[in-house]
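For the sequence shown, counting from 1, position 156 maps to 156 in full-length UniProt numbering; every step adds exactly one.
We treat Cβ as the ideally placed atom computed from N, Cα and C, and that holds for glycine.
The structure appears right after this line, and notes come after that.
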Amino acid sequence: MAASWTVSKNVCDWRKYQGSLIMMGTRLASIRSFSSQTGKQQQWQGGNTTPSIFEPKMYNMKRGTGGRSSFNGVVATIFGSSGFIGKYVVNKLGKIGTQIIIPYRGDHYDVRKLRLAGDLGQVLFFPYHLQDEVSIRQAMKYSNVVINLIGRDWETRNFTYKDVNVTGARMIARMAKESGVKRLIHFSSLNCEDPLGLSLGILPDGSQFLKSKYEGELAVRDEFPDVTIFRPADVWGQEDRFVKYYAHHWRRFFQWVPLWYRGERTIKQPVYVSDVAQGVINAIYDQDTAGQTYDIIGPNRYQLGELVDWFFRVMRRDPEWGYRRTDLRWSPLFQMRITATQKYCPSWPIAYLNWDKIERDHVTDTPTGNPTLKDLGVILTDMESRMDWELKQFRAAAYYDEELGEFPPAAPPKTVSA
């Protein structure tokens, strides 16, 4: 019995020893694989130093062959991800295996649905406040990419344009630099360099939103010189503030749509939101975009009045229905509506209607010669191919079951040469 117990004990000891060797070999193999994979990532991370296993940053642990269930080596903190553009950016990043950190302010239910954009455990949430340095620093502590999509289209009692677009943007850029973030992408606005020179004279001092956006650019570049700045024109898509804005009943005066000079002195070049999000993805992986400013514009230019006419043709709200485009200069009752909406609904104006928005609506989109989405390799989407879908819910007699071919397709808008 004693001999038998000794033999079995020796067998167990040998198996334990053999198991420890196997585990050691596995660890060595994983270390070699880790070192080789992190070495390949240095090209886009922009570093020339040899990666070390003693600096266990999450973005050095790239795994998988690509896709939603992989980890592509990008840990991105996205400020403003609950907004219109932010949702598309989060969705596209999640599809390619990005670990996403979503700072949020207020109720967590507002961002909870974004958890589905990535695989299990890849989308994380963190409460923050734009005036709290500690929470901002912690939100990007483990990230190598930071995207700032925070913006305020109107001023509130708690936040002015300067608080959000200048002071907040500067703080995020400074925290990103101090945290060792590799890439920072900051969203500004087209026409921000000289808004007063492009104005039609609606507001004496021009758009304060556009002015604050340009000041924010200067502040961010002062803190983070290699920042990539996006200057989008009006962005359209689901839940936008451009197409849906003109379709909203509060933007009309009965069935008339007042525009400054009837919209005949304003040229717009709207861009599709999914193209903007794709541009962000391409910019992350292109190291040459560091320090660049991009004009984010669509493929075609339109006169604003013609564009609004087309929206209502698509919605089957023609002149027989009562549609008419009028001059806002000679519509005092609608001007009173704008003032009342801005004064009595400061936190969330009905239909986003306020005087600064009216000013921005009538500023002509003027590219400044910067690179565009085409230079980022994005294939642009034209409005004509998708507007039937975007405005379907706003059609007149939406529940009418029409026969096939009863309503001819709406005539497309005329484009304007650059």
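Buried or exposed: PHE394, going by 16 or more other Cβ atoms within 10 Å of its Cβ?
Buried, by the Cβ-count rule.
DSSP has GLY78 in a bridge; who is on the other side?
The displayed chain sequence assigns Ile, not Gly, to residue 78. Its beta-bridge partners are ILE147.
Extract the residue ranges of the alpha helix (DSSP H) inside the stretch 186-221, only unbroken runs of 4 or more that lie entirely within it.
Counting whole runs of 4 or more residues, the stretch 186-221 contains the alpha helix (DSSP H) stretches 195-198.
In chain order, what are the residue ranges of uninterrupted alpha helix (DSSP H) at least 4 long that sit wholly in the stretch 282-333?
Taking only runs of at least 4 residues, the alpha helix (DSSP H) segments lying wholly in the stretch 282-333 are 304-314.
In chain order, which continuous runs of the alpha helix (DSSP H) of length 4 or greater are located wholly inside the stretch 225-268?
With a minimum length of 4 residues, the continuous alpha helix (DSSP H) runs that stay inside the stretch 225-268 are 243-247.
Identify every run of the beta strand (DSSP E) within the stretch 58-143, keeping only runs that are complete inside it and at least 3 residues long; order them along the chain.
Qualifying beta strand (DSSP E) stretches, in chain order: 75-79, 99-104, 123-127.
Which one or two residues does DSSP pair with TYR161 in a beta bridge?
The partner list for TYR161 (beta bridge, DSSP) is empty, contrary to what the question assumes.
Helix or strand or just coil, what does DSSP make of THR381?
Here THR381 sits in coil by DSSP.
Within the same chain, show all residues whose beta-carbon is closer than 7 Å to that of ILE136, passing over the 5 residues directly before and after it, in chain order.
Correct list, in chain order: TYR128, MET171, ILE172, MET175.
What number of angstroms, rounded off, separates the C-alpha of ALA139 from the C-alpha of ASP361?
Their backbone Cα atoms lie some 34 Å apart in a straight line.
Quick one: is SER188 buried, meaning 16 or more other Cβ sit within 10 Å of its Cβ, or exposed?
Under this definition SER188 is a buried residue.
For the putative contact between PRO258 and VAL363, defined by C-beta atoms under 8 Å, what is the C-beta separation to the nearest angstrom?
So it is not a contact: roughly 17 Å between Cβ atoms.
Nearest-angstrom Cα distance between TRP310 and GLY64?
So the alpha carbons of these two residues sit roughly 47 Å apart.
For THR156, does the three-state DSSP call read helix, strand or coil?
DSSP places THR156 in coil when its eight states are reduced to three.
Specify the secondary structure class of VAL271 as computed by DSSP and reduced to three states.
The answer is strand: DSSP assigns VAL271 an E or B state.
Hey, is GLY206's beta-carbon within less than 9 Å of any beta-carbon in chain C?
Note that chain C does not occur in the displayed structure, where there is just one protein chain.
Does DSSP classify THR368 as helix, strand or coil?
In this structure, THR368 counts as coil in the three-state DSSP scheme.
Where PRO367 and GLN278 are concerned, what is the direct C-alpha to C-alpha distance, given to the nearest angstrom?
Going by the C-alpha atoms only, they are around 20 Å apart.
Within the continuous alpha helix (DSSP H) that includes ASP401, where are the two ends?
First-last for ASP401: undefined, no H or E at that position.
Which of the three DSSP states is assigned to LEU391 in this structure?
DSSP places LEU391 in coil when its eight states are reduced to three.
Which stretch, first to last residue, makes up the alpha helix (DSSP H) that contains TRP348?
Note, TRP348: premise wrong, no alpha helix (DSSP H); not H, not E.
Below 9 Å between beta carbons: does that hold for GLN292 and PRO371?
The answer is yes: Cβ separation under 9 Å.
LEU373 bridges to which residues according to DSSP?
Partner(s): none; LEU373 has no beta bridge.
Since THR415 contacts TYR302 with CB under 8 Å, what's their CB separation in whole angstroms?
That pair is a contact at about 6 Å.
Per DSSP, what are the beta-bridge partners of residue 430 in this structure?
Absent from the model: residue 430. The displayed extent of the chain is 1 to 418, so no value can be given.
Tell me which residues share the same chain as ASP110 and place their Cβ nearer than 6 Å to its Cβ, disregarding the 5 neighbours each side in the sequence.
SER82, listed in sequence order.
Could you work out which residue in PRO103, ASP401, GLY322 is closest to LYS123 when comparing CA atoms only?
The question names Lys, but residue 123 is Val in the sequence shown. Taking only the C-alpha atoms, the option nearest VAL123 is PRO103.
Whole angstroms is fine: what's the gap from LEU391's alpha carbon to PHE254's?
Cα to Cα, LEU391 sits roughly 19 Å from PHE254.
For LEU380, which option in TRP389, THR98, GLY298 has the closest C-alpha, if you only look at C-alpha atoms?
The shortest Cα separation from LEU380 among TRP389, THR98, GLY298 belongs to GLY298.
Using beta-carbon positions only, say whether VAL271 and PHE84 come within less than 9 Å of one another.
For VAL271 and PHE84, no; Cβs fall outside 9 Å.
I'd like the span of the alpha helix (DSSP H) that includes ARG360, first residue to last.
That run of the alpha helix (DSSP H) goes 355-361.
Which residues share a DSSP beta bridge with THR415?
BP columns for THR415 point to TYR302.
Thinking just about the alpha-carbon of each residue, which of ILE202, ALA397, VAL74, GLN269 is nearest to the one in GLU359?
It is ILE202 whose Cα lies nearest to the Cα of GLU359.
I need the DSSP call for ARG183, collapsed to helix, strand or coil.
ARG183 falls in the strand class under three-state DSSP.
Using three-state DSSP, classify ARG386 as helix, strand or coil.
Of the three classes helix, strand and coil, the one that applies to ARG386 here is coil, per DSSP.
Once the 5 residues before and after GLU223 are set aside, which same chain residues still bring their CB inside 7 Å of it?
Excluding positions up to five away in sequence, the list reads ARG170, ALA173, ARG174, LYS177.
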